[in-house]
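Enquirer: One structure is given below, represented as C-alpha cells, and several questions about it will come after.
There are 2 protein chains.
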Amino acid sequence: MEGSTVAGSQDGQIASPRRAPSQQRSRERVERMLAAASALIAEQGSDAMRMGEVAERAGVSIGSLYQFFPDKRAVIWALAERYTAESQACIAAALAEVNDAEGLRRAFSELVDIYYGLFLAEPVIRDIWSGTQADKALRELELADSRANAELLTAVLKRLRPTADPAALETTALLIWQMGEATMRLAISVGRKEGDDLVAAYKRMALRELVGE
Amino acid sequence: MEGSTVAGSQDGQIASPRRAPSQQRSRERVERMLAAASALIAEQGSDAMRMGEVAERAGVSIGSLYQFFPDKRAVIWALAERYTAESQACIAAALAEVNDAEGLRRAFSELVDIYYGLFLAEPVIRDIWSGTQADKALRELELADSRANAELLTAVLKRLRPTADPAALETTALLIWQMGEATMRLAISVGRKEGDDLVAAYKRMALRELVGE
DNA sequence: GCAAAACATGAGTAGTCCTCACATTTGCGA
DNA sequence: TCGCAAATGTGAGGACTACTCATGTTTTGC
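For the protein sequence lines, the chains are B and L, in the order given. Heads up: the first sequence begins at -9 in the working numbering, then just goes up one per residue. Heads up: the second sequence begins at -9 in the working numbering, then just goes up one per residue.
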C-alpha cells in the first residue's frame, strides 16, 4: 500500500482552500503549486505524489502549500474541479440545441469521442477519476477477473449465435460485464431505492443486447 | 494522510504469502488474521484498516501478520481472491447449461440479482472492488458530477420524448452516463486497439437506448 | 532426545502528512 | 513617506503508519 488517509480533514469532508489567495503574488504561487501537482500526478499517479515534492517543484515551502490547501486531497480535488467544470461546459454546449433524434445521435456520438479523447490525453483526469488511489496491480487483477467472467458469457453467446463475429461477441460480453459492475457500484452509492431501478434498467439494456429485442 | 508507502513490495507486483502456513496452529492464526481484516474493512474501509489493529484483533503480534502477508495489499488481495473464486464458480454454474435465448435471459437475470445481492450484503466486496482506496468524499463528488452531466442528457430526452416517464428517463440518463465512464476506464486499461472497439460498442448500445433502434 | 525448521514477538526504522511558532512582505490610511 | 495590521512565507518537528529484524519459542522429522 502506498495509500493512506488524510489525517487532517476527517473522513468525509473535502475542505475548501484554507485561505483564498488575495494578493497577486500568492495567486501565482498557488498556480505553480497546482501545476507541480498536476505534473507529478501525470508522472506517478496521485497516490505517489508527495506533498513535499509538490512544494519543492513549485519552488515553495511545504508550509506555503498547506497555507492554501488544507490537505493532500484538497490539492487533487482542486485539479479535479477544473476539469469537471471544463467538461461540464463542453457537454452543455454539445447537447444544448438538440431537437430531434438525429441531432441527439450526432451530439452524443461527438460527446463520447471528445470524452474519450480527453481520457486518452489527460493522465491527470485518468488518475483522478479512475478511482483516485486504486492500486495498479489490484486493478489489473480486477480486469483479469472481469475477463474471466466475460469469457463465460462469451462462450454462451458463441453457442447461441454461431454466425456472429467472435471478436465482436467478446467485446460485447466484456462491455456488458464491466457495465454491470459499474451499475452496481453506482446502485450502492445512490441508495437502495434508486439503486434497484438502475439495476433493473441495466438488466433490460443488457438483455436487449444479449438476446436481441 | 496517515498513510505511507509499503517499503517491501515495490510498485506493481502483488506478492503472494511470504510463507505458507504449514502447521495447524499457524493456519488457524492466518484465518483469524483474515477474519479480523475482513471485519475492519467492513467497519471502516480498507484504507482505514491498520495493520496493527488487524494483528491486535486477531490476537497476534504484528510480526506474525507480516510473516504470512508481505504487505497490506496482500491481506486485502487474499480476501478479494476468496470472493472472486466464489463468484466465478457461481457464474459458471448459472451459465453452464444455457442453450437458447430464453435460457440466457433467465440465467443472466438471475446472475445479476445474485451479484447485486452480494454487493449489497458484503461490505468487504464493495470496498475492495469499488476502487480499493478511493476516498469517500471524492467519490461523492464524482457522483454529483455524474448527476449534473446526466441531468443535461435528461433534459434532452424529456424534450424528445415528452410522453415518457420522467423518472425513467432520469434513470436511463444516469445509467448511460455512468456506463460511459466505466467503458472509458476499461478502454484505457485494455489498451488502445481493444479500447476503441469497446467505446464503439458502448456508443452503439447507448444510442440504441437513447434514440431507439 | 535432538537438531532444524517453522513459528512468534514487539521494539525499532524509515517515511509520510501535516502543524505551528516565528519571519517577511504587502496593502493602505494618515 | 511612515507605520502597522493583515496576508504571506518558512522549515524543523510532531504524530502516525507500514514494515523489519534480531531474538526467543514451539513443532516436526528422525
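Cβ atoms here follow ideal geometry from the backbone N, Cα and C, with glycine treated the same way.
Indicate whether threonine 161 of chain L and aspartate 187 of chain B have their beta-carbon atoms separated by less than 8 Å.
Expert: Going by C-beta atoms, threonine 161 of chain L is nearer than 8 Å to aspartate 187 of chain B.
Enquirer: Expressed to the nearest angstrom, what Euclidean distance is found between the alpha-carbon atoms of isoleucine 166 of chain B and glutamate 199 of chain B?
Expert: Straight-line Cα distance between these residues: approximately 9 Å.
Enquirer: How is glutamate 87 of chain L classed by DSSP in three states: helix, strand or coil?
Expert: Coil.
Enquirer: Does the Cβ of aspartate 117 of chain L have 16 or more other Cβ atoms within 10 Å, making it buried, or fewer, making it exposed?
Expert: Buried, by the Cβ-count rule.
Enquirer: Determine the burial state of proline 60 of chain B: buried for a count of at least 16 other Cβ atoms within 10 Å of its Cβ, exposed for fewer.
Expert: With 16 or more Cβ atoms within 10 Å of its Cβ, proline 60 of chain B is classed as buried.
Enquirer: Cβ atoms of asparagine 139 of chain B and glutamine 78 of chain L: under 8 Å apart, would you say?
Expert: The answer is yes: Cβ separation under 8 Å.
Enquirer: Among L:Glu46, L:Tyr56 and L:Gly35, whose alpha-carbon lies nearest the alpha-carbon of proline 11 of chain L?
Expert: The shortest Cα separation from proline 11 of chain L among L:Glu46, L:Tyr56 and L:Gly35 belongs to L:Tyr56.
Enquirer: Decide if lysine 62 of chain L is buried, meaning its Cβ has at least 16 other Cβ atoms within 10 Å, or exposed.
Expert: Answer is buried; the Cβ neighbour count reaches 16.
Enquirer: At a CB distance below 9 Å, what residues from the region 166 to 192 of chain B approach chain L? Give them in sequence order.
Expert: So the list reads Ile166, Gln168, Met169, Gly170, Glu171, Ala172, Thr173, Met174, Arg175, Leu176, Ala177, Ile178, Ser179, Val180, Arg182, Glu184, Gly185, Asp186, Asp187, Leu188, Val189, Ala190, Ala191 and Tyr192, given in the order they occur along the chain.
Enquirer: What is the DSSP secondary structure of aspartate 117 of chain B, reduced to helix, strand or coil?
Expert: It is helical.
Enquirer: Taking only the alpha-carbon atoms, compute the straight-line gap between glutamate 100 of chain B and alanine 84 of chain B and give it to the nearest angstrom.
Expert: Cα to Cα, the separation comes out at about 8 Å.
Enquirer: Using the Cα positions of leucine 94 of chain L and leucine 94 of chain B, report the straight-line distance between them to the nearest angstrom.
Expert: Approximately 32 Å between the Cα atoms of the pair.
Enquirer: Strictly below 7 Å CB to CB, what residues from chain B border isoleucine 81 of chain L?
Expert: Per Cβ cutoff of 7 Å: Asn139 and Leu142.
Enquirer: Would you mind reading off the limits of the alpha helix (DSSP H) that contains threonine 161 of chain L?
Expert: Threonine 161 of chain L -> alpha helix (DSSP H) spans 156 to 180.
Enquirer: Of the choices L:Arg151, L:Met174, L:Arg182 and L:Ala32, whose alpha-carbon is the least far from that of lysine 193 of chain L?
Expert: The option with the nearest alpha carbon to lysine 193 of chain L is L:Met174.
Enquirer: Rank B:Arg19, B:Phe58, B:Arg72 and B:Ala75 by C-alpha distance to the C-alpha of alanine 48 of chain B and give the top, closest one.
Expert: Checked all of B:Arg19, B:Phe58, B:Arg72 and B:Ala75; the closest Cα to alanine 48 of chain B is B:Arg19.
Enquirer: Looking only at its own chain, which residues have a Cβ that is under 8 Å from the Cβ of isoleucine 52 of chain B, when we skip the five neighbours before and after it?
Expert: Counting only Cβ-Cβ distances below 8 Å, and skipping sequence neighbours, we find Met41, Gly42 and Ala45.
Enquirer: If arginine 129 of chain L and serine 179 of chain B are in contact, beta carbons under 8 Å, what's the gap, nearest whole angstrom?
Expert: Going by Cβ atoms, the distance from arginine 129 of chain L to serine 179 of chain B rounds to 7 Å, so yes, they are a contact pair.
Enquirer: Name the residue from B:Thr144, B:Ala145, B:Asp155 and B:Lys126 whose alpha carbon lies nearest to the alpha carbon of glutamine 34 of chain B.
Expert: Taking only the C-alpha atoms, the option nearest glutamine 34 of chain B is B:Lys126.
Enquirer: Please confirm whether glutamine 57 of chain B has its beta-carbon closer than 8 Å to some beta-carbon of chain L.
Expert: Glutamine 57 of chain B does not count as touching chain L.
Enquirer: I want to see whether chain L comes within less than 8 Å of valine 65 of chain B, judged by CB atoms only; does it?
Expert: Closer than 8 Å: no.
Enquirer: Considering only the alpha carbon of each residue, which of L:Ala68, L:Leu143, L:Leu197 and L:Asp103 lies closest to alanine 25 of chain L?
Expert: That would be L:Ala68, whose Cα lies nearest to the Cα of alanine 25 of chain L.
Enquirer: As a quick exercise: from B:Ser54, B:Val50, B:Asp155 and B:Ser28, pick the residue whose alpha carbon is nearest that of arginine 9 of chain B.
Expert: For arginine 9 of chain B, the nearest C-alpha among the options comes from B:Ser54.
Enquirer: Could you name each continuous beta strand (DSSP E) segment of 3 residues or more that falls completely within the region 121 to 148 of chain B, going from the start of the chain to the end?
Expert: Complete beta strand (DSSP E) runs here, min 3: none at all.
Enquirer: Alpha carbon to alpha carbon, how far is glutamate 132 of chain B from alanine 27 of chain L? Give it in angstroms, no decimals.
Expert: Spanning the two alpha carbons is a distance of roughly 20 Å.
Enquirer: Could you check the C-alpha separation between glycine 202 of chain L and valine 65 of chain B for me, to the nearest Å?
Expert: If you take the alpha carbons of glycine 202 of chain L and valine 65 of chain B, they lie about 43 Å apart.
Enquirer: My assumption, with CB atoms under 8 Å, is that leucine 197 of chain B sits in contact with phenylalanine 98 of chain L. Please give the rounded CB distance.
Expert: The pair is a contact, with the Cβ atoms about 6 Å apart (cut-off 8 Å).
Enquirer: Within 10 Å of its beta-carbon, does glutamate 71 of chain B have 16 or more other beta-carbons around it, so buried, or fewer, so exposed?
Expert: With fewer than 16 other Cβ atoms within 10 Å, it is exposed.
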